[in-house]
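The block underneath contains the structure these notes are about, expressed in structure tokens.
There are 2 protein chains.
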Amino acid sequence: MPVYKAPLRDMKFLLNEVFDYPGHYATLTSGENATPDIVDAILGECGKFCEEVLSPLYLSGDEEGCKLDNGEVTTPAGYRDAYQQYAMGGWQGLSAPEEYGGQGLPASMGLLKQEMMGTANWPFSMYPGLSLGAMNTIFLHGTEDQKQTYLAPLTEGHWAGTMCLTEPQCGTDLGQVKTKAEPQVDGSYRLTGTKIFISSGDHDLTENIVHIVLARLPDAPKGTRGISLFIVPKFLPDSNGDVGERNGVVCGSLEKKMGIKASATCVLNFDGATGFLIGPENEGLNCMFTFMNTARIGTAIQGVGPAELSYQWALTYAKDRRSMRALSGKKEPDQVADSLIHHADVRRMLLTQKAIAEGGRAMLYYAARLADHMVEGFTEGDDKKAEKYDDKLGFLTPILKGFLTELGCEAANLGVQVFGGHGYIREHGMEQIVRDTRIATLYEGTTGIQALDLLGRKVLLMTQGGAVREFTLNIANFARKHLTDKRLRPWALELLKLTGQWNLLTVRIMLAARKDRDVVSSASYDFLMYSGYVTMAYIWLRQAAVAVDKLDNGGEESTGFYQAKLATTEFYFERLLPRAQSHATSMLSPSKNLMQLDAEDLAFTG
Amino acid sequence: MPVYKAPLRDMKFLLNEVFDYPGHYATLTSGENATPDIVDAILGECGKFCEEVLSPLYLSGDEEGCKLDNGEVTTPAGYRDAYQQYAMGGWQGLSAPEEYGGQGLPASMGLLKQEMMGTANWPFSMYPGLSLGAMNTIFLHGTEDQKQTYLAPLTEGHWAGTMCLTEPQCGTDLGQVKTKAEPQVDGSYRLTGTKIFISSGDHDLTENIVHIVLARLPDAPKGTRGISLFIVPKFLPDSNGDVGERNGVVCGSLEKKMGIKASATCVLNFDGATGFLIGPENEGLNCMFTFMNTARIGTAIQGVGPAELSYQWALTYAKDRRSMRALSGKKEPDQVADSLIHHADVRRMLLTQKAIAEGGRAMLYYAARLADHMVEGFTEGDDKKAEKYDDKLGFLTPILKGFLTELGCEAANLGVQVFGGHGYIREHGMEQIVRDTRIATLYEGTTGIQALDLLGRKVLLMTQGGAVREFTLNIANFARKHLTDKRLRPWALELLKLTGQWNLLTVRIMLAARKDRDVVSSASYDFLMYSGYVTMAYIWLRQAAVAVDKLDNGGEESTGFYQAKLATTEFYFERLLPRAQSHATSMLSPSKNLMQLDAEDLAFTG
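Printed below as a string of structure tokens:
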């Protein structure tokens, strides 16, 4: 099994050459310390940690899994040590405010870190990932006292966090939440209920775990408007803020899952557990979802990371393994057969992985700039700025989460395919990447939910198509600038055509939905995928434009990297982008072809 | 977890209404006993066995897996009993010649049986499935003595069989096979070497296992022309044909796999094992591949069965689980939320599964008629007939195997998706179907190999496009007949357009390949998938034509079944078939976008 290598060259290409992060950071308060040298040093250190500490635990963690004994969860061998190194390195607080022990760097730096960690070892990265969710929630909605008590140890990584939403009867439809919170005379609450699918719900990595829990107050309105948010620590902090009394929240069982086996997925039983209200009563869902865009982009990383990992390993295998002769004649006549890499169809699979991994990474970096502005708006209390960038990010979020995780699964499966039968054997790790990645299209809102969020909410309800108009205007302006270069012209033209089509599709769906509400759902998945392919095309053109410039004006540097960017852009436009057209056709087809059948007539097993 | 229900209604629809199997069987010698009543009774019995015996072992078999102890493999609890019932029921010999203990029914009956067994419990069905491969090989190439000794107990199911091709250094590229066979004075051979990925390589279901092994004679020519075929029994038969001395072939280890865990995948060590030549020296590969089309269609079943199973379970869940409200208004106002089935996007997933399962089944039944003729040709020694139908089947085989297993994986993944997060949890079985199905695009020739076989061999090399011309002529003739019915007309027109396009694409690739051999490989995958979508469209139109006829002239029978066929045809043409166009675009793109990059420039990890 090859090891993970952090793709630092590609990351720096995106940061410095494509998206001008140095210029971007110069406009941010949090960017003051994010000078190119510091960013370089951080990426290098993080890459080293991922390569040397996290990557070697990837397969063994899956093999061993987590164990539950007497209500206490043990993580696989090596996880505690790795987490200690992670916490000691100050990585958890990389993008957290300095006043609570963080390093105060821009949010985007945290995403870059998450991408590398998630690529090297996704299941491990979920523990600190969930803590981030808790940190964000407390930072935005907690009292100063709550921040001092919980946010500081979370930021230092001494404590970990969770998000407790799902219950047996509901995941997506949180209006059905039943967990009860009864007010006590001391101002605290007693929480009773069962939460399921709680990632990092219990573990041995930290001395305490801070659960952020959705529950209902007595007499709360039904549905989503009667849900409040609570902090429920595993151990109640004592007056010094140290770990005190054990609280009434216990892991009842660990889910047996397809993958991410080193990540503890818990059933948590709240049995009169002491909790503390966070944010206003009955507005828990809003509070929980404040940072949903960043959480979902955190999950979108799972589309990119595993694609990168699977690609790295498949590429190595394709260079080593010999089978048959290339159709265009022997490439390695002295060998018993040619390497897989000489077969065009194997290259099709590898380039698909590459286009997804690098195109997806570029989409993340594009979105991360918006996240920086949004977070700065929140941090500075500039609601208008926060809202503006949250809206921009909100349009991209379902595209990134929905589209990239679907393509991540495809890339991981292609990695197995390159290995042939060996891909199906556990020791090579390729099938593990498939199993681990498969969760990505399910949690943090399934692909179907992302699709509805994009088309139903962001595009139709909130902006009447305006979100598409605004985004495609950017794309079209960029494409127009590159019509004159003969290498870029065909792609720029194609992209211009697609921006027009995207708007037209939006209008046609909007009109159809006025007469038939089911159209919104029936078109949503194809609209999401179409949007993803066009967005990725834009992002590949941006990379290609830089590559052309460097090749023309570069000088000494090796040209292979830039040639590869052009070749991958060409591959993407010619072999993957055509899929957008089949989605365009499907999304315009009548909802009747989905809705006309009675449920009883769907199956005939008699 | 819901149980498997044999889709007998759909099977009978295909047999009796769409493909006129009664008429077809009337033309076959082996069809004499396959009267509609007998066929009905057999399907009913087989369905019952699959529902009551095999289906309940599906999840437990995965949980427990196979065990290796002292070189002996133990199958999961219940497997031995189930296999005993299977053998006692005479199922193994259903389509085998009566002279060796079989029931002499047409080959297609065996495929129907395999489909039901493979749907209820794919890993179990692999044990008898591998035996079939050994039976076919011995039947076609064995001496009369070998047939009496080995074929009879295999046909009765007292013994099982395997096919030993793959070695550590080669799977696809069998010219690299190294296992040695040294002739002995008694006319036998001593085999030495290592075979890997041997399904059913060892187990406790039968008293003996008959390995069919590829190996090299001393001084055999290099490559594929120096490979011979041997029978190597686990226990050497004594003079009565009973189990005698233990032979030198031992299971060295069991592979740990992504799925099909109840199927023993063995490393087999041949250590001077006694073997018997079967067929002519150095023609082993030809002998092994005589029945490859049927073996590959056996694997194509894995595209259909798991799609059916995953669909059945997902449909049940979608009717039970309540989440959110339908966009077109409350459907179940008295309930806390509407069932999933009322959401258009959930229906998109379910109908995709249904279209794949039923469309795939119909493709199998279409091909199975050709298999009947081919087998009859072989059995009667009518080489011309055998060859004619082998060619027809040979064109369809890579389409069925390659396309249907790819779509089977998609269907299984959609089943997980319908379940949301619950799909990822092992107890529901949905993720197991994904893991079990994933092997289907890898073994018996990967999708890439099927694609090359179709485009490179069957279409270009062997027939210069003639195979496509012949097949599309059938399709076009059928479509033309149905232009007058206004329900069928749009689909018939679309299909006519596609038959023209398919031929045009073939010609364009043929011309391009004359200048650039890589085109064959670079276009192959998209050509395969395109061919699959068009073939499935044809097969849906055939079903729709019957449905229209029955709705117009049927009378008393429930119309729901036929309405569902029309609705699924409509869904297929409007939502899935558009994908063919993106494959058409991709396949015509230049091979340059795959081949231009140096292998070293593919990755930049520094």
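Residue numbers (this note's numbering), protein chains in the order written: chain H, 1 to 606; chain X, 607 to 1212. Quick reminder that beta carbons are idealized off the backbone N, C-alpha and C, glycines included.
{"query": "Locate the beta strand (DSSP E) running through H:W634, then write down its first and last residues.", "result": "What is shown of chain H runs 1 to 606, which leaves residue 634 of chain H out entirely."}
{"query": "Using a Cβ distance threshold of 8 Å, determine whether the region 117-127 of chain H contacts the region 93-106 of chain H, with at least three qualifying pairs required.", "result": "no"}
{"query": "Taking the alpha carbon of X:D751 as the point to measure from, which residue in X:P843, X:P912, X:D675 and X:A943 has its own alpha carbon closest?", "result": "X:P843"}
{"query": "Expressed to the nearest angstrom, what Euclidean distance is found between the alpha-carbon atoms of X:Q1038 and H:R438?", "result": "12 Å"}
{"query": "Can you tell me whether H:V185 is buried or exposed? The criterion is at least 16 other CB atoms within 10 Å of its CB, across all chains shown.", "result": "exposed"}
{"query": "Out of X:R1185, X:T761 and X:Y1144, which has the shortest C-alpha to C-alpha gap to X:L972?", "result": "As written in the sequence, residue 972 of chain X is Tyr, which differs from the Leu given in the question. Considering only alpha carbons, the answer is X:Y1144."}
{"query": "Check each residue of the region 943-954 of chain X: if its Cβ is closer than 9 Å to any Cβ of chain H, include it; give the result in chain order.", "result": "A943, S945, I947, H948, H949, A950, D951, V952, R953 and R954"}
{"query": "Using a Cβ-Cβ cut-off of 8 Å (strictly less than) and excluding sequence neighbours within five positions of X:L1013, which residues of its own chain qualify?", "result": "G909, A913, I962, G966 and G1138"}
{"query": "Can you list, in chain order, the residues of its chain with a C-beta nearer than 7 Å to that of X:A924? Leave out the 5 residues immediately preceding and following it.", "result": "S945, L946, I947, V952, L956 and V1024"}
{"query": "Would X:A1098 and X:L1089 be called neighbours here (beta carbons separated by less than 7 Å)?", "result": "yes"}
{"query": "I want to verify the contact list: residues of chain H whose CB lies under 9 Å from the CB of X:N875, in sequence order.", "result": "Simply none; closest approach about 18 Å."}
{"query": "Just to make sure I have the definition right: I need the residues of chain H whose C-beta is within less than 8 Å of the C-beta of X:E1016. Which are they?", "result": "Those do not exist, as X:E1016 stays about 10 Å from chain H at its closest Cβ, beyond 8 Å."}
{"query": "Around the Cβ of H:M462, are there at least 16 other Cβ atoms within 10 angstroms (buried) or fewer (exposed)?", "result": "exposed"}
{"query": "Is the CB of H:G606 under 7 Å away from at least one CB in chain X?", "result": "At H:G606, the pLDDT of 46 sits below 50, so the modelled position is not reliable; the number obtained from the coordinates is stated separately. Yes, H:G606 lies at the interface with chain X (some Cβ there is under 7 Å from its Cβ)."}
{"query": "Using a Cβ-Cβ cut-off of 6 Å (strictly less than) and excluding sequence neighbours within five positions of H:S589, which residues of its own chain qualify?", "result": "none"}
{"query": "If we count the other Cβ atoms within 10 Å of its Cβ and call it buried at 16 or more, is X:E1206 buried or exposed?", "result": "exposed"}
{"query": "Rounded to whole angstroms, how far is the Cβ of X:T1052 from the Cβ of X:C1015, which I believe are closer than 8 Å?", "result": "Not confirmed; about 13 Å, so no contact."}
{"query": "Assuming contact is defined by CB atoms lying nearer than 7 Å, are X:V609 and X:S666 in contact in what I supplied?", "result": "no"}
{"query": "Just the C-alpha distance for H:D552 and H:L154, rounded to the nearest angstrom, thanks.", "result": "49 Å"}
{"query": "From the beta carbon of X:I1031, is the nearest beta carbon of chain H less than 7 Å away?", "result": "yes"}
{"query": "Check whether the Cβ atoms of H:L254 and H:L68 sit closer than 7 Å, and answer yes or no.", "result": "yes"}
{"query": "On a CA-only basis, which of H:P233, H:T74, H:R80 and H:G201 is nearest H:Y150? Give me that one, please.", "result": "H:P233"}
{"query": "Quick one: grab the DSSP three-state call for H:Y189.", "result": "strand"}
{"query": "Between the Cα of H:E608 and those of H:S30, H:T499 and H:E332, spot the shortest distance and give me the residue it belongs to.", "result": "In the structure as shown, chain H starts at 1 and stops at 606, and residue 608 of chain H therefore has no counterpart that could be examined."}
{"query": "Is X:M1193 helix, strand or coil by DSSP?", "result": "helix"}
{"query": "For H:S522, count the other beta carbons within 10 Å of its own beta carbon; 16 or more makes it buried, fewer makes it exposed. Which is it?", "result": "buried"}
{"query": "Nearest to H:G259 by CA position, among H:K458, H:I38, H:E63 and H:T559, is which residue?", "result": "H:E63"}
{"query": "Counting only Cβ pairs nearer than 9 Å, list the residues of chain H close to X:S737.", "result": "The premise fails here: X:S737 is roughly 21 Å from chain H at the closest Cβ pair, so nothing lies under 9 Å."}
{"query": "Using C-beta distances below 6 Å, list every residue in its chain close to X:A1118, excluding the 5 sequence neighbours before and after it, in chain order.", "result": "V1125"}
{"query": "State whether the region 637-645 of chain X contacts the region 706-724 of chain X, with contact taken as three or more CB pairs (one from each stretch) at a distance under 8 Å.", "result": "yes"}
{"query": "Could you name the residues of chain X that H:F571 contacts, counting a contact when the two beta carbons are closer than 8 Å?", "result": "N1199 and L1200"}
{"query": "Do we get a CB-CB distance below 7 Å when we pair H:P578 with the residues of chain X?", "result": "yes"}
{"query": "Mind pulling the chain H residues with CB within less than 7 Å of X:R1181?", "result": "S586, S589 and N593"}
{"query": "Please report whether the beta-carbon of H:A262 lies at a distance below 7 Å from any beta-carbon of chain X.", "result": "no"}
{"query": "Per the DSSP calculation, H:P626 is bridged to which residue(s)?", "result": "Nothing about residue 626 of chain H can be reported from this structure: the residues present for chain H run from 1 to 606 only."}
{"query": "Leaving aside the five residues before and after X:R959 along the sequence, list all residues of the same chain whose C-beta is less than 7 Å from its C-beta, in chain order.", "result": "According to the sequence shown, residue 959 of chain X is Gln rather than Arg. Excluding sequence neighbours, X:Q959 sits near A913, S916, Y917, A920, A1017, L1020 and G1021."}
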